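**Q** Start counting the sequence shown at 1; every next residue gets the next number (full-length UniProt numbering). For every residue, glycine included, the Cβ atom is placed at its ideal position computed from N, Cα and C. Values in this document were obtained by computation on a predicted structure and should not be read as measured data. Here you go, one structure.
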Amino acid sequence: MKTNILIRQIIVRISVLCLFVLFGSNNITAQENIVDPIAKFKSLPMGVGKTISFTTSEGSNMDVDISPNGKLILFTLLGDIYKLPITGGSATQITRGMAMNCSPVWSPDGKKIAYISDESGGYGLHIMDTTGKSKRLLTKAKLPLYARFNAPKWTPDGLAVSVDQMVYPLIGGEERLPDSNMPVDSFIGFSSDGLFMYYSDFDLNGNTIIIKYNRINSAKTIIYTARHKQDFSNVRVSPDGRWLTYIAEKLQRPTDSLMIYDISNKKERLLASLGIFSPGGLRHQHYSFSSDSKKLLIGYGGKIREISIESGEQKVIPFSANVNFDLVGEKIYNTHRLLHDSLKVNYIRDARRSPDGSTLIFSALEHIYTMSYPHGIPRTLVNQDQAQFHPTFSEDGKWVAYVTWSDNKGGQVWIVSSKGGNPVQITKISGQYSSPCFSPDGKYLIFVKGEPHLGGRETPGENGKLIRLSLKDKHCEQLADSISLYNNPVFSFDGKSVIYKPRQIDNSSVESKLVVKDLLTHKTSDFAVGIYDNESIKPLKSIPSPDEHYIVYLKNESLYLVPNLKLGSPQVIINSEMNLPIIRFAKSGFDPAWEDHGKKLSWSYGNKYFNIDPQKIIDAATSLLNANPSAKPDGQQFLDVDIPADQEIEVNLKVPKFFAKGTVALKNVRIISMKADEIIDNGTLIIEDGIIKSVGAANSIKIPNGAKVFDLSGKTVMPGLVDLHSHMPLPVEIYPQQYWGMLADLSYGVTTARDVSSSHDMFGYQELIEAGQMLGPRFYSVGWAIRPNTYPRLSKNEAEVVIENRKKMGATVIKQYVLSSRIQKQWLLNAARKQSLNVTNEGASDLLEQLAMIKDGSTGIEHNPDWGDIYDDVISLYAKSGVFLDPVFQYDSGKAYIDDSPRYYFELKYLRDTDSKFLRFTDKLKWAAVFKENLANKNRVDTINPTFIAESRYNTLMSKKGAKIVMGSHGEDLGVGAHFELWALQMGGMSNLEAIRAATLTGAEGLGVQNDIGSLEVGKIADLIILDKNPLDDIHNTRAIKYVMKDGILYDGNTLDITWPFKKKFCIKKFEANK
């Protein structure tokens, strides 16, 4: 009774609060986690702590605008605005600081400058005077990213500025441009008399057209229709209305051209060949006509150019700029050690306490462990040669049910005495089983069954069946079909019905989160629903309490409690449009479960188990609202309650790490050590217990007595490859025993890899590899990448929560992935700096976004951007910044699967002669067909234009100036793909040794582990590749692998048989080998 009263109190208080906010109390301030978490912020949180200064006479991707009187020029360099006389000379920098500024445009009277800047936390329209002072933000809401690609347009009277289909008067306010059918990001500008405006659209045939719109009578006239199959962008109409210009990028050979069209006589001609081969070009750069329409000012080829409209004659306007590029300070950079000590397991799952409270069970390292509660020593419950997951107690605590997975046989469901002993297999047909649950009377078990196939890297898959099994006669009854394998089905308190998560059938935002099925009538009805707002990570696990008074759910990695009000309709557990009684009681948590008939709510995170009385959560929420009615303001989706768990238990599970024990000598071998430019033509390495003890010329190294000696005459040894951008499609929840992608990577010499977007289960895989239960590279994970669709309302507080959670999981690096505003990225970086975590980023192939990442102190950047037209300013900045840049050529800005992509180029050229090693570790049927097709099409490789080489040349120029260029394969063609990436670096002009360094030592530096791996030096871990051929003679010899050594263990490079310190044949499990 007390519970129901308190629940109603919360509802009443939230409702009153809603009215309070709506009718305007000055005492209520915006809180964290509101619908727009950055709306209240007017400036970036980071200040300047360092300046990179240099002088340049070249500029990259410069915006250029000429003043109305034709005497001055505005242009941009590296996110700042400069002013220059039309005659050229010394440029004056008029913006400084942390903001990224672009697209400056003179006002009609030449007294003001409109420009786009993220100074307020996200992109906005600003104005300032011509000295860079008196800055003012005109837009209230943050502009979308594309808005900055279309420069501001002044109204001819100079009283307002337009951007993104809106007009912003200087005195305040906003108004939409006329013609509601105007496409987004299509506005070109106003005519000089203000009567017309121009914009682009598409005709019924999909051709680009330019429309002249009469603002008086709304008449539309098509003044141009694109006639060529080409990219058509960056359109301008001259002030006198006669000329139309645009940038044309030919699809087959991406070198940009500036085209001009005479509107009066409908003739078109080439005005300038821009000679830009790298993606990006001048598609988004601002350029301008002079006010008399006789010339055009544009930046390309590193210079500012004045082009005569009539003759096409060009004149370079020379400049010299003293660049002051302001940064937050030193980049975030943390190192850590790799030690051959015991592994303290940090990733436990499905922790459950027995009904009598005496025992805790959990899964870790593909085993079920049991321990006396609360501080016992963990021990394995069952010894099996199968991976074990999802343990659960029977109601009387005498039995434990769990599921297994075998790469040979698939999965099964088992029960075993909670004291241990011989388990009993209770299912007959192999499948992918998950989430068993006992009935209250202990006579039945329900679980989810999928096909014998593991899911993808972020979801365990769909098409599951809900099965009820009689423990007496093993009879199985199917209760539901086509449900998510990520499920937690439970029996009702009386055992007469089951509650589970169905599969969402359509694409609507309304989803039945839980349904209840009557086991007698077989009728199904909704129990709880959710309505989502463009979020890809939805509540993943939703579980009602046994008495059905509450629903607990997991969303991302936080836990929420919702009182089940039982108002005659399904309980809504999430809806951004409603003010719901949702309480976040744990900011970090997995695997919620109910214990003691609903009197306790438990969960785990990292290596800890927690429980709490749910009544205390309700009490804490009520007390919080009593003390502070604005604790949950309107628009916030949940009430945050900071409440300690009743019990918090650390599980202390330690296992040995897997590394070689003994001494081995590798003699008479060429050593590419990566210690500076050291090459030892005839050398010897001594390795003891997985650590390099000696390295040098063969005649100077004494081999210890008792050492195993390998004479490697004619061979070459180099450090193992470090792949900083992998995407390993590892299954979640239920793991394989071995995974083909890991095996392929290791066999091709990738001894260390980082997955930059995955699930938190990657932390579990990382521990399996360290313990030697799974073969593969030393593995690093960022967990879930921090994306705008998974964290759409990321606030400062939530950024700190996310980073703290990654730290608890054992992460050393996190990944920011195209968050929607600069301020959110800075919040993440500040939180990461506080927790000593490195940060790598993706920026939607946008160079300006990458420059902002450098300003903000990011550790690394993933993917080359669309470089466009870059020169010494950009190259010098990347070199001086110290940021780790991973080009990731094989993905090539989303072009990984088209015919002119780097991946296709390398596959067609190098994957056509049958490679038994490659087929051994991959899908034989698929790749045998690919080899055959590539062989038949081998002549096509000469017709492919390898456009990535232009990008690689930029990376080489940066590298030679000191930039930190690393290697990342994107998980394309796992194993051999890392070599393709290395070769791509060399094709851009790096020497063979420089390319190898990028793929080894510099990669280790990017991870912060260069003190232990990345080079062959005394005291470092023995991660290395032994090659039959010398890669300094031919870079493609990196693939001629005889042996791979990781942690001192020597593997046969073709089979992964262990050669030393003991001999063991590696048998690829039949099931996994076919996947």
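Tell me the residue span of the beta strand (DSSP E) that contains Ile222.
**A** Note, Ile222: beta strand (DSSP E), 220-225.
**Q** Does the Cβ of Lys2 have 16 or more other Cβ atoms within 10 Å, making it buried, or fewer, making it exposed?
**A** The predicted position of Lys2 is uncertain, since its pLDDT is 43 and thus under 50; no value can be drawn from it.
**Q** What residue range is occupied by the uninterrupted beta strand (DSSP E) comprising Phe75?
**A** It spans 72-77 - the beta strand (DSSP E) in which Phe75 sits, taken as one unbroken run.
**Q** Measure from the C-beta of Gly860 to each C-beta in chain C and report whether the shortest distance is under 9 Å.
**A** Absent here is chain C; the protein component of the structure consists of one chain.
**Q** Locate the alpha helix (DSSP H) running through Tyr954, then write down its first and last residues.
**A** It spans 948-960 - the alpha helix (DSSP H) in which Tyr954 sits, taken as one unbroken run.
**Q** Suppose contacts are defined by Cβ-Cβ distances below 9 Å. Is residue 1110 in contact with Thr752 by that definition?
**A** In the structure as shown, the chain begins at 1 and stops at 1075. Residue 1110 is therefore absent and cannot be evaluated.
**Q** Confirm, please, whether the CB-CB distance from Leu327 to Ser876 is below 9 Å.
**A** For Ser876 and Leu327, no; Cβs fall outside 9 Å.
**Q** Of all the beta strand (DSSP E) runs that stay within the bounds of the segment 361-396, which reach a length of 3 or more residues?
**A** 367-372, 387-393, all fully within the segment 361-396.
**Q** Could you tell me the alpha carbon to alpha carbon distance between Phe948 and Tyr905, rounded to whole angstroms?
**A** Distance between the alpha carbons of Phe948 and Tyr905 is about 10 Å.
**Q** Could you check the C-alpha separation between residue 1106 and Arg176 for me, to the nearest Å?
**A** Because the chain here runs from 1 to 1075, residue 1106 falls outside it and cannot be looked at.
**Q** Can you pull the DSSP bridge partners for His126?
**A** Paired residue(s): Tyr115, Leu137.
**Q** Measure how close the beta-carbons of Ser1015 and Thr1002 come, nearest whole angstrom, since I'm counting them as under 8 Å.
**A** Contact doesn't hold; Cβ gap of about 10 Å is too wide.
**Q** Closest by CA to Pro178, which one among Tyr199, Pro423, Asn626?
**A** Of Tyr199, Pro423, Asn626, the residue nearest in Cα terms is Tyr199.
**Q** Return helix, strand or coil for Met100, following the three-state DSSP convention.
**A** The answer is coil: DSSP assigns Met100 none of H, G, I, E or B.
**Q** Would you list the residues sitting across from Met197 in a DSSP beta bridge?
**A** Partner(s): Phe190, Tyr213.
**Q** Which whole-angstrom value is the C-beta distance of Ser604 and Ile573, which I expect to be below 8 Å?
**A** That pair is no contact at about 22 Å.
**Q** Buried or exposed: Arg584, going by 16 or more other Cβ atoms within 10 Å of its Cβ?
**A** Buried: at least 16 other Cβ atoms inside 10 Å.
**Q** To the nearest angstrom, report how far apart Gln986 and Ala978 are at their CA atoms.
**A** If I take the Cα positions, the gap works out to 13 Å.
**Q** Looking at C-beta atoms only, is the number of pairs between the segment 1013-1027 and the segment 1039-1050 that lie closer than 8 Å three or more?
**A** Touching, yes, given that three or more Cβ pairs across the two stretches are closer than 8 Å.
**Q** Tell me which residue opens and which closes the beta strand (DSSP E) that Asp755 is part of.
**A** First-last of the beta strand (DSSP E) with Asp755: 750-755.
**Q** I need the boundaries of the beta strand (DSSP E) containing Trp405, first residue and last residue.
**A** Where Trp405 is concerned, the enclosing beta strand (DSSP E) stretches over 399-406.
**Q** Where DSSP assigns a beta bridge to Thr256, which residues make up the other side?
**A** The sequence shown places Asp at residue 256, rather than the Thr named in the question. In the DSSP output, where bridge partners are listed per residue, Asp256 has Glu249.
**Q** If distances are taken between C-alpha atoms only, which option among Glu366, Leu381, Leu365 comes closest to Ser372?
**A** With distances taken between Cα atoms, Ser372 lies closest to Leu381.
**Q** Using 8 Å as the threshold, is the segment 916-934 in touch with the segment 832-852, meaning 3 or more CB pairs across them?
**A** With a cut-off of 8 Å, the segment 832-852 and the segment 916-934 do not count as touching, because too few Cβ pairs lie within range.
**Q** Please go through the same chain and pick out, in chain order, the residues whose beta-carbon is closer than 8 Å to the beta-carbon of Ile703, but skip the five residues on each side of it.
**A** Within the same chain, Ile703 has close Cβ partners Ala665, Lys667, Thr684, Ile686, Val709.
**Q** What separation, rounded to the nearest whole angstrom, lies between the Cα atoms of Tyr748 and Ser991?
**A** Spanning the two alpha carbons is a distance of roughly 21 Å.
**Q** What's the call for Glu366, buried or exposed, on a 16-neighbour Cβ count within 10 Å?
**A** The residue in question, Glu366, is buried, as its Cβ has 16 or more Cβ neighbours within 10 Å.
**Q** Which residues in the same chain as Ser342 place their Cβ atom closer than 8 Å to its Cβ, once the five residues preceding and following it in sequence are excluded?
**A** Around Ser342: Lys654, Val655, Pro656, Lys657.
**Q** Let's test the definition: count the other Cβ atoms within 10 Å of the Cβ of Gly1019 and tell me whether it reaches 16, buried, or not, exposed.
**A** Answer is exposed; the Cβ neighbour count stays below 16.
**Q** Three-state secondary structure (DSSP) at Thr1002?
**A** Helix.
**Q** Check for me: the alpha helix (DSSP H) holding Ser876 runs from which residue to which?
**A** Element bounds for Ser876: 872-881.
**Q** Measuring straight from C-alpha to C-alpha, what distance separates Val16 and Asn628?
**A** The pLDDT assigned to Val16 is 33, lower than 50, so where the model puts this residue is not dependable; a value taken from the coordinates is nonetheless given after this. Computed Cα separation, rounded: 13 Å.
**Q** Measure the C-alpha to C-alpha separation of Ala480 and Val345 and round it to an integer number of angstroms.
**A** For Ala480 and Val345, the distance between alpha carbons rounds to 36 Å.
**Q** Classify Ser781 as helix, strand or coil using the three-state DSSP reduction.
**A** In this structure, Ser781 counts as strand in the three-state DSSP scheme.
**Q** What residues match up with Gly696 in a beta bridge as DSSP calls it?
**A** In DSSP, Gly696 forms a bridge with Thr684.
**Q** In angstroms, rounded to a whole number, what distance separates the CA positions of Ala99 and Lys964?
**A** Roughly 24 Å between the two C-alpha positions.
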